[in-house]
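These notes are about the structure you will find just below.
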Amino acid sequence: LTLFCARAQMPATNYDESQVPAYTLPDPLTTIAGKKVTDAETWTSERRPELLSLFESEVYGKAPGRPEGLHFEVLSEDRYTLGNMATRREIAVYFTESDAHFMTILLYIPNKRTDAVPVFLGLNFKGNHTICDDPLVTESVSRIKPREEGGSEVRAKGFPRAAAASRWPVEMLIANGYGLATIYRGDIDPDYDDGFQNGVHPLFYREGQTKPAPDEWGTIAAWAWGLSRAMDYLETDEDVDASRVAVIGHSRHGKTALWAAAVDPRFAMAVSNDSGCGGAALSRRCYGETVARINSLFPHWFCGNFNRYSGNEAALPVDQHELIALIAPRPVYIASAVEDRWADPKGEFLAGVHATPVYELFGLEGLSGTELPQTDAPVLSGHIGHHVRSGDHDITLYDWRQFVKFADKHLKR
Ligand code: GTR
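Add 31 to the 1-based position in the sequence shown for the numbering used here, that's all there is to it.
Here you go:
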């Protein structure tokens with residue numbers, strides 16, 4: 032007896048390299064009309080906009096720009112926190128002219144500074160108060176799936192303080208001269224399929240619109256939009272050097288960081304940690320998580336049009352190496368973990384390899400080497416950095432140490 036349901040029809044997850052289908056990647060340096068791109072100027076003026084718009088309409092969905100009514104308010108400031116090493120600020124970013132809808136940026140700035148500092152900016156999963164042991168951080172309002180719809184009561188009560196501290200080495204960043212800005216992603220859009228009713232989407236619906244059109248923003252694009260709104264604020268903060276902001280994310284937030292950097296050239300650097308399918312991993316390898324699986328498990332992440340490619344990766348007009356290429360010539364770091372096969376470490380590495388010709392157009396080294404490097408041997412030389420860490424799906428102090436080394440090369444004066 033065969034059970035007919037979407038999941039049952041899904042092919043088994045492939046973790047066997049010999050079962051990776053033969054595929055041909057789209058060439059980042061050939062336009063839709065078939066023209067070869069041989070210089071940086073043609074890339075920037077013709078090919079890049081064309082590719083960006085394909086990713087918008089087929090993968091993540093188009094987002095609105097900066098709303099006219101966007102405004103900021105510093106809610107709190109403490110000049111002597113983290114053992115007097117840092118200044119903490121909390122900033123409300125109001126999405127429209129009203130004060131009803133906002134996200135809160137938690138910002139730490141090193142007190143030991145002579146000038147405006149470079150900053151790492153990234154979304155957090157569980158609330159601003161969970162990223163470190165600082166009792167004065169305002170608790171984020173947990174926005175998870177309601178219990179009636181299968182959500183969990185425990186999580187609805189909110190996560191304890193410092194619950195995610197292992198993922199956010201604030202003191203290490205401060206000691207190295209970096210600021211840190213983070214936002215609870217639920218402030219922008221909750222991470223469940225709510226028909227796009229509870230996050231930022233409804234603020235921008237046209238008259239009569241009730242959900243995004245098939246080529247309009249899903250949740251990842253909304254989160255990326257929120258990161259750009261955070262950048263709007265950072266540009267106004269005199270302790271921050273907005274020309275040296277690295278956008279960073281782990282896993283679904285890694286997908287988001289890459290898309291944010293692709294859309295918004297103000298980000299000087301991007302870091303993708305274990306971002307996998309829809310992030311740095313090549314979709315056509317169908318290794319670990321696939322387009323069909325991600326669309327069925329997380330129907331809200333991508334735009335409606337992305338469903339066309341479930342089980343049909345060969346039809347994608349783009350692949351994820353071109354997402355990395357959209358960030359060129361800015362530096363990108365792609366981090367993987369060897370046991371995180373679901374995210375396809377090799378596919379993530381190969382995206383860097385195949386984005387490299389675009390960096391070369393700018394006279395820069397992209398990713399150095401074409402063979403997957405050894406575990407725990409970071410490749411930091413070019414404008415695409417990379418490592419495969421030992422261990423599983425997570426973002427660790429080891430990962431961050433490599434990001435800081437890479438940022439020291441590209442963002443430090
Ligand atoms: C998984 C998902 C991945 C990755 C991960 C995470 O369940 O399949 O694409 O995003 O969650 O965000 O931790």
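Every residue gets a Cβ at the ideal spot worked out from N, C-alpha and C, and that includes glycine. These numbers were taken from a predicted model, which means no experiment stands behind them.
With fewer than 16 other CB atoms across the displayed protein chains lying within 10 angstroms of its CB, R444 is exposed. Nearest to F86 by C-alpha distance, out of E370, A293 and R324, is A293. For Y111, the enclosing beta strand (DSSP E) starts and ends at H102 to T112. The DSSP assignment places 184 to 187 as complete runs of the alpha helix (DSSP H) inside the segment 156 to 204, in order along the chain (cut-off: 4 residues).
The closest heavy atom of the ligand GTR lies less than 7 Å from the beta carbon of R283. The distance from the Cβ of L289 to that of S306 is about 6 Å, consistent with a contact at the 8 Å cut-off.
In terms of Cβ geometry, H424 and W373 form a close pair [threshold 8 Å].
Secondary structure at D425: coil, using DSSP grouped into helix, strand and coil. The beta carbon of L313 sits no closer than 7 Å to any heavy atom of the ligand GTR. Between M116 and N155, the gap from beta carbon to beta carbon reaches 8 Å or more. Buried is the label assigned to R78, since at least 16 other Cβ atoms lie within 10 Å of its Cβ. Listed in chain order, the non-local C-beta contacts of H132 below 8 Å within the same chain comprise Y125, F126, V231 and L234, local neighbours out to five positions each way being set aside.
Not one heavy atom of the ligand GTR is found less than 7 Å from the C-beta of C317. DSSP places V271 in the uninterrupted beta strand (DSSP E) bounded by V271 to H281. Remark: the shortest separation between the CB of L328 and any heavy atom of the ligand GTR falls under 7 Å. S171 is a Cβ neighbour of H160, given a cutoff of 8 Å.
By the 16-neighbour rule on beta-carbons within 10 angstroms, E402 is exposed. DSSP places L392 outside any beta strand (DSSP E); the residue lies instead in the alpha helix (DSSP H), whose first and last residues are P376 to L392.
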